[in-house]
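In our numbering, the protein residues as written are 33 to 294.
All residues carry an ideal CB built from backbone N, CA and C; glycine is no exception.
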Ligand SMILES: C[S@@+](CC[C@H](N)C(=O)[O-])C[C@H]1O[C@@H](n2cnc3c(N)ncnc32)[C@H](O)[C@@H]1O
């Protein structure tokens, strides 16, 4: 289906409240398509503990164990590169906010003091049971994080703001500022460069005017609750209390910004 037609179909499903049902059908199809490769992956990697497939698909829109591992390792390398470039600490205190099923944090260097946060208590329970070398904490849909002020040298949020409301953006960036030490690093991935057909015409007009575009109608924080952040809005509004060091840099389909807390 062409991108624009797909967006119109999704908008209708959202308005009718049937998006979750569509997602369930997509999940069954994705799990079926990945089943044979997943069996082979498990046979070849007997130590691998498979993450719950439903949550994997809910977070990543695919059901492939191999992709979960390879994309996680590549993303962790991209995050670590920024931390090494900007933070001088032998054992940096690093938070992954919205860590999901630990796709990224599990691959970070072992000298990092790692904490993963998510509001999905079942994902955090799975991480606690199966991922070594990191601490995992549940947080609420709204701040605060269970952490002291200045607790982290760096915090990254990959594909998390992309699922928040306008008030969610404001509340969570303030909370991130609180838990980062002065001079601490924020790394965020955003929808700052939506491709042709990814936005409906009215959304595109607002985006091009520099406005945050939010598609709700489903639970905030879920993958189908979607936000698009123009670069100018990120610079002037969201990260106004940070010094932007890098960005937007294309990063696995999103736009990465690296910023220092003042
Ligand atoms: C698209 S997934 C990305 C997961 C992970 N960051 C990654 O890149 O693999 C979005 C994640 O953000 C989490 N999330 C959404 N809103 C949140 C909130 N207010 N606090 C913590 N986690 C949240 C979801 O539960 C989900 O795990």
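Subject >> Nearest candidate by alpha-carbon position, reference residue 258, set 172, 192, 121, 177 >> reply: 192
Original post:
At what residue ranges does the segment 217-259 contain a whole run of the beta strand (DSSP E), taking only runs of 3 or more?
Top reply: 245-247
Original post:
DSSP state of residue 261, grouped into three classes?
Top reply: coil
Subject >> Closer than 8 Å: residue 79 CB and nearest ligand 1 heavy atom >> reply: no
**OP:** Alpha carbon to alpha carbon, how far is residue 218 from residue 119? Give it in angstroms, no decimals.
**Re:** 11 Å
Subject >> Nearest neighbour of residue 244, chosen from 281, 55, 196 [CA to CA] >> reply: 196
**OP:** Tell me, please, which residues DSSP counts as bridged to residue 289.
**Re:** DSSP lists 220 as the bridge partner or partners of residue 289.
**OP:** Go ahead and pull the three-state DSSP assignment for residue 148.
**Re:** strand
Subject >> N- and C-terminal bounds of the alpha helix (DSSP H) containing residue 123 >> reply: Taken as a continuous stretch (DSSP letters only), residue 123 belongs to no alpha helix (DSSP H), as it is neither H nor E.
**OP:** Please work out which residues of its chain come closer than 7 Å, Cβ to Cβ, to residue 139, disregarding the five sequence neighbours upstream and downstream, and give them in chain order.
**Re:** 104, 105, 108
**OP:** Return the first residue and the last residue of the beta strand (DSSP E) that residue 167 is part of.
**Re:** 166-170
**OP:** Using 10 angstroms around the beta-carbon of residue 273, count the other beta-carbons present and answer buried if the total reaches 16, otherwise exposed.
**Re:** exposed
Original post:
Going by alpha carbons, who is nearest to residue 276 out of 284, 285, 286, 265?
Top reply: Between residue 276 and the set 284, 285, 286, 265, the nearest pair of CA atoms involves 265.
Original post:
Using the C-alpha atoms, what's the distance from residue 162 back to residue 93?
Top reply: C-alpha separation (whole angstroms): 22 Å.
Subject >> C-alpha distance - residue 17 paired with residue 96, whole-angstrom precision >> reply: Absent from the structure is residue 17, since the part of the chain shown begins at 33 and ends at 294.
**OP:** Check whether the Cβ atoms of residue 227 and residue 187 lie closer than 9 Å to each other.
**Re:** In this structure, residue 227 lies away from residue 187, with their beta-carbon atoms at least 9 Å apart.
Original post:
Within the present structure, is the beta-carbon of residue 140 separated from the nearest heavy atom of ligand 1 by less than 8 Å?
Top reply: no
Original post:
Going along the chain, which residues of its own chain have a beta-carbon closer than 7 Å to the beta-carbon of residue 199, five neighbours each way excluded?
Top reply: none
**OP:** Keeping to the same chain, check which residues put their C-beta closer than 8 Å to that of residue 141; ignore five residues upstream and five downstream.
**Re:** 112
Original post:
Excluding the five sequence neighbours on either side, which residues of its own chain have a C-beta within less than 8 Å of the C-beta of residue 90, listed in chain order?
Top reply: 55, 59, 254, 255
**OP:** Give the DSSP-derived three-state secondary structure of residue 179 in the structure shown.
**Re:** coil
Original post:
Is any heavy atom in ligand 1 found nearer than 8 Å to the beta carbon of residue 97?
Top reply: Not one heavy atom of ligand 1 falls within 8 Å of the beta-carbon of residue 97.
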